[in-house]
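Single-structure report; data block below.
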Amino acid sequence: MRETPEQEMIVVIDDDYAIRLSCQKILTKAGFQVETFEDGSQGLEGVARLKPSLVVVDLKMPGISGMEVIARVHEIVPQAIIVVITGYATIGTAVEAMKVGAYDFLPKPFSPDELRVIVNRGLERRRLALESERSEVERALLKRRFITFVSHQLQTPLVAVHQCLDVLKQLGGAEGTEAKRQEWINRCLSRTEEMLAIIKDWLALAKVEADSLSRRRVSVDLRRVVSDILRAYEEMAGRESITLEARLPEEPCLVKGDRTCMGVLFDNLIVNAIKYNKAGGKVTVSAEEVDGEVVAAVTDTGIGIAEKHRPFLFEEFYRIKDESGKRTTGTGLGLPICKKIVTELGGKIEVESELEAGSTFRVRLPASREQEEADSSGSLE
Amino acid sequence: MKPGRKKILIVDDDADFLEALAFFLERNNYEVVKAHDGREGLRLAKMQRPDLIIVDIMMNERTEGLFTAQEIRRTPELEGVPVFVLSALYSKVPDFQIQPDSGWMAHDEFFSKPVDTAELLAKIRGRLGQEKRETAGEVEP
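Listed below in structure tokens is the structure:
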């Protein structure tokens, strides 16, 4: 007998001793737990006690009729699959049994194989039904949670802006309050920027989720993607005296994707590396092809990410407070977007970090063998 | 009775909101103590003995403020200190986390965010009494 931790329970209800015995033998041998009962009322007690996955019921029994048993079993265990056995197989009785909830029909006499096939088919159907029910519930929960979260993420800065405007209103045009007014206006501006960033990221995430990636995949040279982004952020990095360095090979680093998504991916990683760096620090972006994979890494010399945060970095809306504990930065959506893009393209994203030393975000994507598609946006050289 | 101004502790993880509310209360002649999370709030409450405490419910992306409020209620030296709770997410105090026998709800006020400062001031004055008007810069909302 096969012993598995999740042996499924089958209940057989039949007044015929020979049938009970053979069902017991065949199904036990097939790896199920089997209990048999000789009439409807005992059978229903058994069903209530054992909560079986599948019930085999004889339609013609003394006492409670098979039809009634079918209906009652579903009251007790709604997810149980019911297979009916009968000696007088006609289309009519089969249809009647199906109407009251039976899943399948087994005419007497039946072979061990027939019983096994029908039982397995029934259990498979039950698994599918359970799974789809579970995923429906999960999807609904996730959606509700996501909407609540996004609302709160937007509400928080909006409330702060409102309260700051309230302060400005109180200050009015009183003399000597010019500097104060400017301070509160700046607070408002930075919070409205935060809101815009959240909405922008949220839309980007929705776009990635809507499968825009898979529509048109072309060979993209990561060297060019990276160089373009680094050039765009030179000024921002310069303000904090952060050096940007690209370590790119002579030959192209081609991956299959689309240019926009690759841009979003490395834009996010490089901006993070600048934002969470120290003044005078360095951002290094490298890319190389190793064993059919393009490995790109964005390394910063920032404060690093504590180990406790690392498992959650790629979760939507996960944010880390700064050292003072007073402020969180970022929308909490940047890295989830990166992860979505990389996963969609069949790749992986990993993080390595050391506190006070810096972090490396490493992206692995399948290398593309095709030439980069001609593009109007100019070449690398 | 303590001499001087009444002391109000504000516990909120949004620095801008905290500063804005503090600004308003200070202008209305209250002394304000600021805390950026529940733990700091509780510590400052015990240390500073405020006359009234204002706590935001949603802090650090969870309902930390409710635990803070309950902890305050369980702290003997803070007995009788009014606790006002604020929330942007809820339009009333979510009852799913309140122990029915905790007994603190009856005394407290709930405000949704953004806070109507006129109403807040009226409720604070209702609890702490009218403040003497000393500061020249005081502004009625």
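Protein chains in written order, with our numbering: chain A, 1 to 381; chain B, 1001 to 1141.
Idealized CB from N, CA, C, for every residue including glycine.
Asked                                                                                                               : Found
Status (buried if at least 16 other CB within 10 Å, exposed otherwise) for residue 1046 of chain B                  : exposed
Residues that residue 1017 of chain B contacts on chain A, provided the C-beta gap is smaller than 7 Å              : 159, 160, 163
Span separating the alpha-carbon of residue 302 of chain A from that of residue 281 of chain A                      : 7 Å
Residue-chain proximity (residue 1106 of chain B, chain A), Cβ-Cβ < 9 Å                                             : Unreliable positioning characterises residue 1106 of chain B in this predicted model, as indicated by a pLDDT of 44, which lies under 50. A coordinate reading is not provided.
Residue closest to residue 1019 of chain B, alpha-carbon to alpha-carbon, out of B:1033, B:1064, B:1006             : B:1033
Distance cut-off 8 Å: residue 83 of chain A Cβ against heavy atoms of the ligand COA                                : Among the components modelled here there is no ligand, and therefore nothing to report on the ligand COA.
Within 9 Å, strictly: CB atoms of residue 52 of chain A and residue 205 of chain A                                  : no
8 Å contact criterion, which residue 357 of chain A and residue 304 of chain A should meet: CB distance rounded     : 6 Å
Test item: CB-CB of residue 155 of chain A and residue 1118 of chain B under 9 Å                                    : no
8 Å contact criterion, which residue 1042 of chain B and residue 1068 of chain B should meet: CB distance rounded   : 6 Å
Sequence-distant residues of its chain with Cβ nearer than 6 Å to residue 1023 of chain B (five each side left out) : none
Three or more C-beta pairs below 8 Å linking the stretch 66 to 84 of chain A and the stretch 40 to 58 of chain A    : yes
Residue-chain proximity (residue 184 of chain A, chain B), Cβ-Cβ < 9 Å                                              : yes
Min CB distance residue 167 of chain A to chain B below 9 Å                                                         : yes
Alpha-carbon spacing of residue 66 of chain A relative to residue 16 of chain A, whole angstroms                    : 13 Å
CB contact flag (residue 265 of chain A, residue 341 of chain A, <9 Å)                                              : yes
Boundaries of the alpha helix (DSSP H) in which residue 24 of chain A is found, first to last residue               : 17 to 29
Contact between the stretch 358 to 368 of chain A and the stretch 1003 to 1011 of chain B (3+ Cβ pairs under 8 Å)   : no
Per-residue burial, residue 378 of chain A [other beta carbons within 10 Å of its own, 16 or more giving buried]    : For residue 378 of chain A, the predicted model reports a pLDDT of 41, less than 50, meaning its position is unreliable; a value from the coordinates is still stated below. That one is exposed.
Residue 196 of chain A versus residue 150 of chain A: straight-line alpha-carbon distance, rounded                  : 13 Å
Beta-bridge partners of residue 300 of chain A, as assigned by DSSP                                                 : A:283
Paired residues, beta bridge with residue 1112 of chain B - DSSP                                                    : B:1087
DSSP-derived helix/strand/coil call for residue 81 of chain A                                                       : strand
Chain B within 9 Å of residue 156 of chain A, Cβ atoms only                                                         : yes
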